[in-house]
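Okay, so here's the structure we're looking at.
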Amino acid sequence: MNIEMQLKSKVIAAVKELYGQEINEKQAQVQITRKDLTGDFTIVVFPLLKISKKSPEETGKDIGEFIKNSEESVANYNVVKGFLNIELEADYWLNLINEITEDDDHGYKKADENSPLMMIEYSSPNTNKPLHLGHIRNNLLGYSLSRIAAANGNKVVKTNIVNDRGIHICKSMLAWKKWGEGITPESSGKKGDHLVGDFYVKFDKEYKTEIKNLINEKISEYPALKDVSDFSAEFSALKAKKKTKEGHNDEENEKFKACTELSKYAENNAPLILEAREMLRKWEAKDPEVYADWEMMNQWVYAGFDVSYKKLGVDFDKIYYESDTYTVGRDMVLEGLENDLFYRKDDGSVWCDLSDKGLDEKLLLRKDGTSVYMTQDMGTAKLRFDDYDIDKMVYVVGNEQDYHFQVLSLLLDKVGFKWGKGLVHFSYGMVELPEGKMKSREGTVVDADDLADAMVNTAREMSKELGKLDGYTDEEAEKIYKMIAMGALKYFILKVDPRKNMTFNPEESIDFNGNTGPFIQYTYARIQSIFRKAAELGIDVKEHTPTNVDVDEKENNLIRMVANFPNIVAEAGKVFSPAIIANFVYDLAKEYNQFYHDHPITFEEDDDKKTMRLVLSKTVGKTIKNAMWLLGIDVPSKM
RNA sequence: GGUCCCGUAGCUCAGCUGGAUAGAGCAUCUCCCUUCUAAGGAGAGGGUCUUAGGUUCGAAUCCUAACGGGAUCACCA
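34 is the number of the first residue of the first sequence in this note's numbering; add one for each residue after it.
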């Protein structure tokens, strides 16, 4: 039982003893005392006034006195404005530091064979385009969450589902076939995922042209649109007007309906999309030629992804491919159809009615029998639960898919999987550019590789300018540049509350000063430097600190923060938030730098004090390292 | 239109299981390297916490409504 819990139970005991009433844990509020006030923990007495029928001051004194007399580690107390501040014995914190210094895994709980197994899915790329900044957020969150989960005593399996089939893949393939002239990553010198992505963009461009032509061809068949000269302008104007308070009048409504219909017709009947659909059918029928092209192009993409993943420092324990799982999903749907869970429409498509849950009908198989996204996810889920004894399944997927996962959970439950309801959709916000959303098809994305490379270049320039790594070999220095660059990028992404959308301005480069990854890495390197200096001076660095030294406010703050780290890890695990770790480790580094600025360490003349500061520095360094590990960020011993 | 998310300093974000004077960084303006790493430290200016009600001893935090922004409701994934 930690000290906080002990104090809480003392408050409950005190109220019972003094005022003869039972209170619950919620009424016994114990919080960490504000930094600028005297004390270690604060008890809020306001909720207790009705029971005590005394003033806040008197109530605080009553309870303070009781706790002081009954709890050994409490030295004193004070009451300020109805807040009871508890002061612990001077050596309490130093004893705690001596415990922490022995534990290299400070803050981590270990898993054993009885620990729950948590599977975390993240990344989930499509093999028709390279990774962009949105994927970076996904990957970094997923990787960090898996470490946080592990540090909270879970067995963790990191998994990736590669969306390697579907109409979007066929689009890239078709464009490559038509316009690629046999180009390959080798012949072009281009990374495979980027090459394939280029053809995805090319497809979209040509497809849009076809849609436009088709609309012009057919527009005369729609009487409501006979006066319309510029279809797309008219359609967007109507869409915009629909959103206004005013809305559409009857004529506009007619027009809007016609526009929607015509636009849908063109999208579904453009020759390119028909060809792509045909290709998908052939692929599902394992047509040898289509299949061979598909395998070849996917290999290009995988080779590209491997490079990107390595750059980001993420990895997986088990990778699933949709080309393996979609048939499983289809079988599940067909089985559900036999059991009357789903139904078939006249055109042959298969649906599930979720209107009793307040949702719509959901398509599960197209009229041509091919699978959709939902079908695949059902199959993937089944395979995973067959493969592993999963206690908790977590999907790291953007919040634009909230609806999808709501449906998936209901569907899995419906087909009889007891874990269906327990799925966790870790829904994170989008990364937006100042001008709005990123769109792969339109090429308005921040490419993952480009961004990572730019970061390394900046780190290299900065380091060279500062001359910090003089004397290192190029190879060693390069390793540190990468570490710093990735530290900056990862911290930048992870410090933001994952649920919220975040803005990234490509014009303003990611900072290396202030509230950043390199600031924290720097603090760690600085601590290591102290120990190099200590060795140089021949100081015998002891394992433990004497517990009878005076500790000033800064030192005390640091100790309390380090001691609080396990609570932070638990909290981050509970709410799935690397941001909590990130903000904690920043505060810790900042506090340490302030301490460092005006406290001599190796030069301290009082030996006991010197030892205390060295031991304290060591535990701070260890805590920084452990916290950064949870974010997937490495820390250098020199920078 | 239905459902969901968001609105805190010029900008990017913390703080939100109600608690003491709302915090950082960036940007702007000062100051500090003949003691351990200046990617650091100290200071100044900058806020009706979108608005209006409500609950409460106490509201940035909880509730309701409005306003503003975003997502989603596809035979795309």
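Cβ atoms here follow ideal geometry from the backbone N, Cα and C, with glycine treated the same way. Because the structure is a prediction, the values reported are computed rather than measured.
- With a beta-carbon spacing of about 7 angstroms, residue 173 and residue 345 fall inside the 8 angstroms limit used to define contacts.
- Counting other Cβ atoms within 10 Å of its Cβ, residue 273 stays below 16 and is therefore classed as exposed.
- Within the same chain, Cβ atoms closer than 8 angstroms to the Cβ of residue 465 are found at 471, 534, 535, 536 and 537, the five residues on either side in sequence being excluded.
- Within the DSSP secondary-structure output, residue 409 pairs in no beta bridge.
- Here residue 212 carries a helix assignment [DSSP, helix/strand/coil].
- Residue pairing by DSSP places residue 64 opposite 75 in a beta bridge.
- The residues 387, in chain order, have a CB closer than 7 angstroms to that of residue 393 in the same chain once the five nearest residues on each side in sequence are set aside.
- Unbroken beta strand (DSSP E) stretches of 3 residues or longer found wholly inside the region 78-148: 107-113 and 116-121, given in chain order.
- At the C-beta level, residue 634 and residue 647 come within 8 angstroms of one another.
- DSSP places residue 427 in the uninterrupted beta strand (DSSP E) bounded by 425-431.
- Rounded to the nearest whole angstrom, the CA to CA distance from residue 42 to residue 597 is 19 angstroms.
- Per DSSP, reduced to three states, the secondary structure at residue 398 is strand.
- Residue 293: member of the alpha helix (DSSP H) spanning 283-302, first to last residue.
- Counting along the chain, residue 457 sits inside the beta strand (DSSP E) bounded by residues 457-461.
- Residue burial is scored here from C-beta neighbours: residue 436 has fewer than 16 other C-beta atoms within 10 angstroms and is therefore classed as exposed.
- Annotation: residue 309 to residue 233 spans about 12 angstroms, alpha carbon to alpha carbon.
- In this chain, the beta strand (DSSP E) harbouring residue 354 covers 351-354.
- Assigned with DSSP and collapsed to three states, residue 578 falls in coil, not helix or strand.
- In the displayed model, residue 672 falls within coil according to three-state DSSP, outside both helix and strand.
- For the 8 angstroms CB-CB criterion, residue 556 and residue 524 do not form a contact.
- Per DSSP, residue 471 has no beta bridge partner at all.
- CA-to-CA, the gap between residue 661 and residue 512 works out to about 17 angstroms.
- For residue 236, the CB contacts under 6 angstroms within the same chain, skipping 5 residues up- and downstream, are 204 and 208 in chain order.
- For residue 384, the three-state secondary structure derived from DSSP is strand.
- Apart from the 5 residues on each side of it in sequence, residue 612 sits with its Cβ closer than 7 angstroms to the Cβ of 527, 528, 529, 530 and 531 in its chain, given in chain order.
- Taking C-beta atoms under 8 angstroms as the contact rule, residue 440 and residue 395 qualify, at a distance of about 5 angstroms.
- Under the DSSP definition of a beta bridge, residue 364 lacks any partner.
- Beta-bridge pairing by DSSP links residue 165 to 480.
- Going by C-alpha positions, residue 258 is about 14 angstroms away from residue 283.
- Here residue 194 has 154, 157, 353, 355 and 413 as same chain residues with Cβ atoms under 7 angstroms from its own Cβ, once five neighbours each way along the sequence are excluded.
- The Cβ atoms of residue 36 and residue 48 lie no closer than 8 angstroms to each other.
- The three-state reading of DSSP puts residue 50 in helix, counting H, G and I together.
- Positions of the alpha helix (DSSP H) runs, each at least 4 residues long and wholly inside the region 519-571, are given as 550-569 in order along the chain.
- DSSP, read as helix, strand or coil, puts residue 315 in helix.
- Residue environment: residue 341 is assigned as buried (16 or more neighbouring CB atoms within 10 Å of its CB, all protein chains considered).
- Between residue 481 and residue 247, the gap from beta carbon to beta carbon reaches 8 angstroms or more.
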